[in-house]
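Positions -19 to -1, 1 to 418 (mature numbering (1 follows the signal peptide of the UniProt record, and there is no 0)) are the ones given, in order, by the sequence shown.
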Amino acid sequence: MTTEILLFIFGLCLWTSSALPDYDHVSMAELLETGFGDRLDPEFTMNATEIIEYHGYPAEEYQVTTSDGYMIYIQRIPHGRNESYVSGSRRPVVLLQHGLLVSSTNWITNLPNESLGFILADAGYDVWLGNMRGNVYGLKHKSFPITSKEFWDFTFDEMAAYDLPAIIKKALAVSGAEQLSYVGHSQGTLIGFAKFSSDQELAKKIRVFIALAPVAFLGNMKSPLLRLIAPFARELAFLFRLFGYRDFLPDYPLIQYLAEKFCIKQPIPARVCENVIFIVAGYDFAQINSTRLDVYLSHAPAGTSSQNIFHFAQLAQSNKCQKFDYGSDAENMKYYGQITPPEYPVSALKVPTAMLYSDNDWLATPVDVLRLKEELSSVVDFYRVPYANWDHLDFIWGVDANKYVYPEVQRVLRQYANSTRRATGHRKLSSGSPKKE
């Protein structure tokens, strides 16, 4: 794909974020009345709890309020489809945390036997689906309206510092558990590495950290979009803060309408839309279920701040796992007391960590994943997906994820499900890098 097309897509995303701040200006029902909804999957218009219930699972939703005022909605699947809740029973708690630009729905948008959220619920786990500020389930604040610059003044730094501990606290309080297992994908791993390495008290509450497509270093990432803006990420971050651009790729009815009109009804543009989905993270058409493309597109992208996108680009440019660069020495000095952003102490991570990666991942490249592994002393499982073209999004959307990835996830979870981890101790699991197919 040419640079001009990439610039057009990037510019369009920024235009929509600044030109259409009113998320309530058009309803989904009004769009469906235009006649484009006759062939859509019913899950196209459902939210996370509705999808869970649609497939016959129990669903609960909780509001989490962070210490800095963001109100985020998270979901829970307390038990499997064919089970009944038994008062006083305790199931191992698992928190699934989504990646960049998506939401909790990504763990449940495939069929039940292909979606990790449903698979773990049926396997005996109390499954929690996290969300982050700025996506469709995190668009409220106690003081700031969604149209304000202040609302969108965040990156994954704040997600790690405020959102993640608030979600963990809620899951443990409701479930009555003392610890939980954490499964992150992409950005979900990044905030885990950032927070669990720097907050040892919170880290004690994590039995095991399973990192799917682990991200901490991005110096060798191949994402065309992030590569395009990486050399200018520091300057862009400063300009965007100055001029007030806020949200990036928001999830609202107009975007859903465009996805429906141009990606579902026309067979040729559908391929183009698949490329747009994978432009950040790579693509593997053999693993995408084209019959559910409308479901994917209606739930992703789910939104984040422009500042967060620039932060990812900064990591690619600096080849460091560090906090946000505010674009000027004066601003960095104001926030950090130094002219360069501080690095996260990832090597201090004590939580037992399983790393699952692949060779065709444009974001979590094998080179960067191996570098991360060398930084950590807590790795208990290092697993390369035995599928040559497995990409970044296949970990959540791949039709064969239940064959190549999720059995390994369950294997690690079983090892830690019923044992209380000591603050600094962990057991190493037998593993190895399987051969590629």
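Don't be surprised by glycine CBs; every beta carbon is placed ideally from N, CA and C.
Being a predicted model, the structure only gives us computed values, none of them experimental.
Counting other Cβ atoms within 10 Å of its Cβ, Ser70 stays below 16 and is therefore classed as exposed. About 5 Å separates the beta carbon of Glu42 from that of Thr30, a gap short enough to meet the 8 Å contact definition. Counting C-beta pairs closer than 8 Å gives three or more between the segment 175 to 190 and the segment 130 to 142, which meets the contact rule.
Between Ala267 and Asn370, the CB-CB gap stays under 8 Å. Judged by their CB atoms, Gly111 and Leu77 are nearer to each other than the 8 Å cut-off. Sequence-distant Cβ neighbours of Ala211 in its own chain, meaning closer than 8 Å and more than five residues away, are Ala294, Gln295, Ala297 and Gln298. In the DSSP secondary-structure assignment, Ser286 is bridged to Asp228.
The closest CA to that of Pro388, considering only Ser48, Asn28, Asn94 and Pro73, is found on Asn94. Per the coordinates, the alpha-carbon of Asp372 lies some 36 Å from the alpha-carbon of Tyr316.
Restricting attention to alpha helix (DSSP H) runs no shorter than 4 residues, the segment 269 to 339 encloses them at 274 to 280, 287 to 299 and 310 to 317, ordered along the chain. Non-local beta-carbon contacts of Val83 in its own chain, meaning distances under 6 Å to residues more than five positions away in sequence, involve Ala281 and Ala283 in chain order. Taking a C-beta distance under 8 Å as the contact criterion, Cys302 and Val327 qualify as a contact pair. Here Ala184 carries a helix assignment [DSSP, helix/strand/coil].
Taking one beta carbon from each stretch, the segment 42 to 54 and the segment 115 to 124 have 3 or more pairs nearer than 8 Å; the two touch. For Lys203 against Thr346, the beta-carbon gap comes to about 7 Å, under 8 Å, which counts as contact. Linking Thr272 to Leu120 through their CA atoms gives a straight-line distance of about 30 Å. Uninterrupted beta strand (DSSP E) stretches at least 3 residues long and entirely within the segment 128 to 168 occur at 161 to 166, given in chain order. C-alpha of Ala311 to C-alpha of Ser162: approximately 40 Å in a straight line. Between the C-alpha atoms of Asn399 and Ile148 there is a straight-line separation of about 22 Å.
In the three-state reduction of the DSSP assignment, Glu355 falls in the helix class, which pools H, G and I.
Counting other Cβ atoms within 10 Å of its Cβ, Val74 reaches 16 or more and is therefore classed as buried.
Per the DSSP secondary-structure output, Ala192 pairs in a beta bridge with Gly165 and Met336.
If you draw a straight line from the Cα of Leu101 to the Cα of Ser309, it is about 46 Å long. Nearest in C-alpha terms to Val189, of all of Leu199, Thr170 and Ala197, is Thr170.
Gly111 is bridged by DSSP to Gln78. If you compare the alpha carbons of Pro205, Gly61 and Asn289 with that of Asp342, the shortest gap goes to Pro205. Ala184 and Leu21 have their C-alpha atoms some 43 Å from each other.
Beta-bridge pairing by DSSP links Phe99 to no other residue. Note on Ile269: 16 or more other CB atoms within 10 angstroms of its CB, so buried under the neighbour-count rule.
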